[in-house]
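Q:
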Amino acid sequence: MTHTDTARTDVPRFDFWGAQSTLDSELIRHLGFLPGLAELLMVRQVHALEHATVWVLSEPVAGRPRSADNTALGGLSTERGFYLYGNVTHARLERAVCAALRRFYSGEWDLAVHPRCGTNLAVTALLAAGLGLGAHAILPRGPLEQLFGLGAAAIAAAQLAPELGSLVQRYLTTAVPFDLELDAIWKTSDFGKRPAHFVRLRWRDAETKFRSSDRLRAATGRQAGI
């Protein structure tokens with residue numbers, strides 16, 4: 001999940017050591033019988049493409065200030081594609097998705113990581129909780145000592161979380177979308193009736209597409225309700 005109103009000037013640069021264009025396809029081909037594996041691999045690639053699309057949309061457009069139509073964008077990834085929240089036209093979103101895929105193929109793998117991803121928020125919360133519990137266990141039980149420990153834990157978590165969150169995104173929650181291609185885009189809205197689009201993606205290799213046919217049929221039947 002992504003939320004941003006900044007341009008891509010502060011995106012962390014990663015080389016994504018060991019990224020292999022056929023790794024996920026091979027895993028599905030040989031281990032596709034494992035429940036949930038195909039969906040997990042799909043979501044990781046979709047998550048990366050969601051981030052990249054937000055980066056592309058956040059870049060200034062020639063002759064038009066970015067704040068005019070891109071003050072706040074958000075995304076949410078699923079195993080079928082991702083939701084893009086914000087006031088973006090269908091045509092511009094389609095161009096952004098295609099541009100993000102092309103840039104991935106050309107080696108801009110750093111687009112997969114976004115500093116405003118929900119992963120970073122989760123890492124911050126877990127880190128703060130862990131450090132807070134550690135401080136509670138180590139420091140004396142006096143109220144001043146405990147208050148100092150909680151404050152120090154919160155500050156330490158805030159300092160460590162951005163880098164740690166980027167590493168978690170890099171190795172766990174995203175993967176370079178070598179296997180994805182755009183299928184369709186349609187308009188929808190969130191619970192607050194904000195404008196949104198759903199970007200449906202598909203696996204490029206039909207032979208290694210989802211093996212869970214029941215889930216795929218159910219998802220297809222729900223498309224009209226998205």
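Residue numbers (full-length UniProt numbering): 1 to 226.
C-beta atoms are modelled at their ideal positions from N, C-alpha and C, and glycine is treated no differently.
Fair warning: this is a prediction, and the values are worked out from it, not measured in the lab.
#1: Determine the closest residue to G130 out of Y105, G118, A158, W109, with distance taken between C-alpha atoms.
#2: Quick one, are the C-beta atoms of V123 and T174 less than 8 Å apart?
#3: Quick test of the definition: if touching needs 3 or more C-beta pairs under 8 Å, does the segment 40-55 touch the segment 97-117?
#4: Cα-Cα, which of S189, A72, L164 is closest to Y83?
#5: To which residues of the same chain is A152 closer than 7 Å at the C-beta, ignoring the five residues directly before and after it?
#6: What residue does the alpha helix (DSSP H) around W203 start on, and which one ends it?
#7: Just to confirm the assignment, what range does the alpha helix (DSSP H) spanning D24 have?
#8: Using the DSSP secondary-structure output, state which residues sit across from A184 in a beta bridge.
#9: Please name the residue, chosen from R102, L31, E59, N87, that lies closest to P177 on a Cα-to-Cα basis.
#10: Check G134 in the structure and name its three-state DSSP category.
#11: Along the chain, where does the beta strand (DSSP E) containing S77 start, and where does it finish?
#12: Is H90 closer than 8 Å to I185 when the C-beta atoms are compared?
#13: Around the Cβ of Y171, are there at least 16 other Cβ atoms within 10 angstroms (buried) or fewer (exposed)?
#14: Buried or exposed, going by whether 16 or more other CB atoms sit within 10 Å of the CB of L41?
#15: What residue range does the alpha helix (DSSP H) around G149 cover?
#16: Please classify F82: does DSSP put it in a helix, a strand, or coil?
#17: Which one of L144, R80, Q169, A99 has the shortest CA to CA distance from N120?
A: Short version:
#1: A158
#2: no
#3: yes
#4: S189
#5: A135
#6: That residue, W203, is in no alpha helix (DSSP H); its beta strand (DSSP E) goes 195-203.
#7: 23-31
#8: R200
#9: R102
#10: helix
#11: 73-77
#12: yes
#13: exposed
#14: buried
#15: 143-168
#16: strand
#17: Q169
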